[in-house]
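Numbering (the numbering used here), first residue to last: 17 to 302.
Here it is as structure tokens:
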């Protein structure tokens, strides 16, 4: 929250002066919040029932026993696992609420996230994906952060064991999947995934002249990833990217500013991200 006025904070949330955009690391941005005083539990329940939509409780560390008691008297929009579809059909209106203390509610009637509080737990595919990394792409696609076309051709760098390549194979015509390590057997069986054994940092962009998208979930420093991205922007036809920027140990988060200097860029901390963020650039928009 560097550069922003922090009014209050605890382990769960920050109350800050108005922002013009959602901070990168925030799971949810609740704008135009109301602070509503209440005299007792019944009063708080009455206030929350007066809204036209169902509410979603966000924990604030303030009097959790009272919050749990209030919730028992309310109908809430429950957090259910999401069926993966592109785009996601989920479009329920809801408000978010929590307790500031034992006599004040915080209420937001216009949460920023399509799903309650940015909670994106999918009904997972337990049969094919070799690990859970594919859920990052599911989130990117279902929430419309990017738009793929069946005519697109993608390259997936550092792809093993192949979860991202598997997701991409369902939305584009061809996926070049590059890694020193092999893909899982089930992923190799996908006919439009073309595996190449190689170092993601050593391959020549000119050898993949038909690609329109580059995807990367490589474990590497942000600086090294930035160099790779610039290499592909300068020496290939690829203008569209989805890359995970991973952080470890002593982190220089200023590197994110350099990614954002690239035209048409955005950086998102996905629900599925951990100590990492996702850099997205869709230069050639459909």
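We put the CB at the ideal spot given by N, CA and C, even for glycine.
Small disclaimer: the values here were computed from a predicted structure and weren't measured.
Check                                                                                                                       : Outcome
With 16 other Cβ atoms within 10 Å as the buried cut-off, status of residue 243                                             : exposed
Simplified DSSP state of residue 59, which is helix, strand or coil                                                         : helix
Proximity to residue 125 [Cα-Cα], best of 287, 66, 36                                                                       : 66
Sufficient close CB pairs (3 or more, under 8 Å) joining the region 84-100 to the region 53-66                              : yes
First through last residue of the alpha helix (DSSP H) which encompasses residue 89                                         : Taken as a continuous stretch (DSSP letters only), residue 89 belongs to no alpha helix (DSSP H), as it is neither H nor E.
Validate contact between the region 187-197 and the region 239-257 using beta carbons, cut 8 Å, 3 pairs                     : no
Rounded straight-line distance, which links the Cα of residue 29 to that of residue 35                                      : 15 Å
Residue 44 (DSSP reduced to helix, strand or coil)                                                                          : coil
Whole-Å CB distance - residue 203 paired with residue 146, under 8 Å assumed                                                : 7 Å
Cβ-Cβ separation, residue 157 to residue 54 (assumed contact under 8 Å), whole Å                                            : Going by Cβ atoms, the distance from residue 54 to residue 157 rounds to 41 Å, so no, they are not a contact pair.
4 or more residues per run - each alpha helix (DSSP H) lying fully within the region 158-188                                : 179-185
Neighbourhood of residue 57 by C-beta distance below 7 Å, restricted to the same chain and skipping five residues each side : 82, 85, 86
DSSP beta-bridge partners of residue 39                                                                                     : None, per the DSSP bridge assignment.
Buried/exposed call for residue 168, threshold 16 Cβ in 10 Å                                                                : buried
Three-state class that DSSP yields for residue 247 in the structure shown                                                   : helix
Contacting residues, own chain, Cβ-Cβ under 7 Å from residue 137 (five flanking each side not counted)                      : 97, 98
Three-state secondary structure (DSSP) of residue 64                                                                        : helix
Residue 9 (DSSP reduced to helix, strand or coil)                                                                           : This structure cannot settle anything about residue 9, because the visible part of the chain is limited to 17 through 302.
Option in 22, 32, 111 with minimal Cα separation from residue 71                                                            : 111
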